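Participant:
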Amino acid sequence: MPAFDQLDVDNRRVLVRVDFNVPLRGHGDAREVADDTRIRAALPTLRALLDRDARLIVCSHLGRPKGRYAEDLSMGPVAGRLAELLERPVRLPDEVVGDGVTKLVNDTRAGEVVLLENLRFEPGEEANDLDFARALAKLCDAYVNDAFGASHRAHASVVGVPQLVRDHAPGLLMSAELQALGRLVEGIEHPFVAVVGGAKVSDKLGVLVALTERLSAGDAIVIGGAMANTFLLARGRELGGSLVERDLLGACKRVFDKASARDVRVILPVDLRCGSGLDAREATIVAVGDGVAGDSLALDIGPRSEASFAGVIATAKTVFWNGPMGVFENPAFAQGTLAMANAVAECPGYTLVGGGDSVAALNASGRAGDIDHVSTGGGASLEFIEGRELPGVTALAAAH
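Right, dumping it as structure tokens:
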């Protein structure tokens, strides 16, 4: 890939694709960024370009406006927070491309910043429309992709633009993500422990299968969250009214078989925190062997499971964690996820965490600084580890 530090940016218009798809809170003019983790992650790249006198044009998507303007998904709050963090003005046009945007960008001087409106206001973004990619490419002399979290999507700003702009490179965050995740694909230090959670087996099945084919004797896959329910059901446990994916019981059994053939341990919860619904205020601890009764729901791993999972993690030389252990947004069922945050943070091996809820748990526990790499890409991280091609990464290399 072309090198970021060799890209000629002096007094040139540099379009930087970032992932500022951040949560917002409030309404109307009172909207503000609720979590600026992704904005902060891009700051090293943006500051490096500004220090080299680039004329900075930043672009990102936000939410799912489906190709049309949506006031509550305007980049206004993001522009405000970015300006605070960069300690300089950030100008926001009222559209993504057009004559007004072109004039604003061309009038931008070295060291100044423009943030384009939400890319997904334009239907050509998600469609990877050539005309829209050309309109973006005309705004710049050089292109930088620092949006690892969006690089598993073949969208115009990710794939189309680098094919049209000769001078391009990955940003510092993109390079760091590829280097860190590469340690989970090639040259793994064993024992390797993958901690996988979340709601659905279907969301993580690909990476689970890939891991069972890549890991070796002594490694382990730790499974929590609602997806553990389906694995428990595949082993004959009673789950009451808990979320399960009965159509994937066969897939779970295949994961067990593949892991067993390679002497890889699959670690499941031994107890669960259960409640009457997602908004329940109290948790009842139930042993897996006793089964979940009636319409009760398994909503978190229990304290014995926390200790079991932590014990496995403590022995690892490499840990990958993606996905919560329960309904993390409900304090009554957040303990299992917070326990994993602490266990991964205390592991002396190489640790990598990805996924919004996992990162939120790290931040809530105050342990994010104890992790070797916190990935900004949830789905992109999983697809990379699974071994699938990331279109945004391929475009940077193929167009060089």
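Residue numbers (the numbering used here): 1 to 400. Cβ atoms here follow ideal geometry from the backbone N, Cα and C, with glycine treated the same way. Remember, it's a predicted structure, so these values are computed and weren't measured experimentally.
#1: Just verifying my parser: in three-state terms, what is the DSSP assignment at valine 209?
#2: How long is the line joining the alpha carbons of glycine 160 and arginine 17, rounded to whole angstroms?
#3: For valine 114 versus valine 58, is the C-beta distance shorter than 8 Å?
#4: Would the region 189-205 count as touching the region 31-39 if we require 3 or more Cβ pairs under 8 Å?
#5: When burial is assigned at 16 or more other CB atoms within 10 Å of the CB, is histidine 155 buried or exposed?
#6: Apart from the five residues on each side of it in sequence, which residues of its chain come closer than 6 Å, Cβ to Cβ, to glycine 404?
#7: Starting from the C-beta of glycine 356, find all residues in its chain whose C-beta is less than 7 Å away, skip the five residues before and the five after it, and write them out in chain order.
#8: Please go through the same chain and pick out, in chain order, the residues whose beta-carbon is closer than 7 Å to the beta-carbon of cysteine 252, but skip the five residues on each side of it.
#9: Three-state secondary structure (DSSP) at phenylalanine 20?
#10: Are the region 297-305 and the region 212-232 touching, with three or more C-beta to C-beta distances below 8 Å?
#11: Can you tell me where the alpha helix (DSSP H) holding isoleucine 313 begins and where it ends?
#12: Given a cut-off of 8 Å, decide if alanine 307 and cysteine 347 are closer than it, judged by their beta-carbon atoms.
#13: Between arginine 31 and arginine 120, which are expected to be in contact by the criterion C-beta below 8 Å, what is the C-beta distance as a whole number of angstroms?
#14: Hey, glycine 241 and serine 296: beta-carbon distance below 8 Å or not?
#15: Under 8 Å Cβ to Cβ from isoleucine 285, same chain only, skipping five residues before and after it: list those, please.
#16: Is it buried or exposed for leucine 172, if we count other Cβ within 10 angstroms and need 16 for buried?
#17: Given threonine 351, which residues of its chain have a CB within under 7 Å of its CB, disregarding the five upstream and five downstream residues?
#18: So, is serine 216 buried or exposed, given that buried needs 16 or more other C-beta atoms within 10 angstroms?
#19: Could you check how far apart the C-beta atoms of alanine 42 and aspartate 146 are, in whole angstroms? I think they sit under 8 Å.
#20: Check phenylalanine 328 in the structure and name its three-state DSSP category.
#21: Does glutamate 213 pass the burial test, meaning 16 or more other C-beta atoms within 10 Å, or should it be called exposed?
#22: For the beta strand (DSSP E) that contains glycine 224, what are its first and last residues?
#23: Identify the continuous alpha helix (DSSP H) that holds alanine 364 and give its terminal residues.
#24: Where do the N-terminal and C-terminal ends of the beta strand (DSSP E) with glycine 100 fall, by residue?
#25: The alpha helix (DSSP H) with aspartate 131 in it runs from where to where?
#26: Are alanine 316 and histidine 152 close, meaning C-beta to C-beta below 8 Å?
Facilitator: On the basis of the supplied data:
#1: Translated into positions along the sequence shown, residue 209 becomes position 209. Valine 209: helix per DSSP, three-state reduction.
#2: Your numbering for residue 160 matches position 160 in the sequence shown. Your numbering for residue 17 matches position 17 in the sequence shown. One C-alpha to the other measures close to 12 Å.
#3: The sequence position of residue 114 within the sequence shown is 114, counting from 1. The sequence position of residue 58 within the sequence shown is 58, counting from 1. Taking 8 Å as the Cβ cut-off, valine 114 and valine 58 qualify as a contacting pair.
#4: Taking 8 Å as the limit for Cβ pairs, the verdict is that the region 31-39 does not touch the region 189-205.
#5: Indexing the sequence shown from 1 puts residue 155 at position 155. Per the 10 Å Cβ criterion, buried.
#6: Examination of residue 404 is not possible in this model, given that the chain is present from 1 through 400 alone.
#7: Residue 356 sits at position 356 when you count from the first residue of the sequence shown. Excluding positions up to five away in sequence, the list reads Gly378.
#8: Here residue 252 is taken as the residue at index 252 of the sequence shown, counted from 1. If we look at cysteine 252 and ignore the five residues flanking it on each side, its Cβ neighbours are Val201, Thr230, Phe231 and Ala234.
#9: Locating residue 20 in the sequence shown gives position 20, counting from the first residue. The answer is coil: DSSP assigns phenylalanine 20 none of H, G, I, E or B.
#10: yes
#11: Counting from one through the sequence shown, the residue named residue 313 turns up at place 313. Start and end: 303-314.
#12: Taking the first residue of the sequence shown as position 1, residue 347 is located at position 347. Taking the first residue of the sequence shown as position 1, residue 307 is located at position 307. Taking 8 Å as the cut-off, the Cβ atoms of cysteine 347 and alanine 307 do not count as close.
#13: Translated into positions along the sequence shown, residue 31 becomes position 31. Translated into positions along the sequence shown, residue 120 becomes position 120. With 8 Å as the limit, arginine 31 and arginine 120 do not qualify as a contact, their Cβ atoms being about 17 Å apart.
#14: Translated into positions along the sequence shown, residue 241 becomes position 241. Translated into positions along the sequence shown, residue 296 becomes position 296. Going by C-beta atoms, glycine 241 is nearer than 8 Å to serine 296.
#15: In the sequence shown, the residue the question calls residue 285 occupies position 285. Excluding positions up to five away in sequence, the list reads Asp271, Leu272, Arg273, Cys274, Gly302 and Pro303.
#16: What you label residue 172 is simply residue 172 of the sequence shown in a count that begins at 1. Answer is buried; the Cβ neighbour count reaches 16.
#17: In the sequence shown, counting from the first residue as 1, residue 351 sits at position 351. Close CB contacts of threonine 351 within its chain, under the 7 Å cut and outside five residues either way in sequence, are with Val319, Val344, Ile371 and Asp372 (chain order).
#18: Taking the first residue of the sequence shown as 1, we reach residue 216 at position 216. With fewer than 16 other beta carbons inside 10 angstroms of its own, serine 216 counts as exposed.
#19: Position 42 of the sequence shown holds residue 42. Position 146 of the sequence shown holds residue 146. Yes, alanine 42 and aspartate 146 are in contact; Cβ-Cβ is about 5 Å, under 8 Å.
#20: Position 328 of the sequence shown, counted from the start, is the residue given in the question as residue 328. DSSP places phenylalanine 328 in coil when its eight states are reduced to three.
#21: Within the sequence shown, residue 213 is the residue found at index 213, counting from 1. Burial call: exposed.
#22: Translated into positions along the sequence shown, residue 224 becomes position 224. Element bounds for glycine 224: n/a, residue is neither H nor E.
#23: On the sequence shown, position 364 is the one that residue 364 refers to. Segment 356-365, the alpha helix (DSSP H) holding alanine 364.
#24: The sequence position of residue 100 within the sequence shown is 100, counting from 1. Element bounds for glycine 100: not the beta strand (DSSP E) but the alpha helix (DSSP H), 99-106.
#25: In the sequence shown, the residue the question calls residue 131 occupies position 131. Per DSSP, aspartate 131 belongs to the alpha helix (DSSP H) from 130-137.
#26: Here residue 316 refers to the residue found at position 316 when the sequence shown is read from its first residue. Here residue 152 refers to the residue found at position 152 when the sequence shown is read from its first residue. For alanine 316 and histidine 152, no; Cβs fall outside 8 Å.
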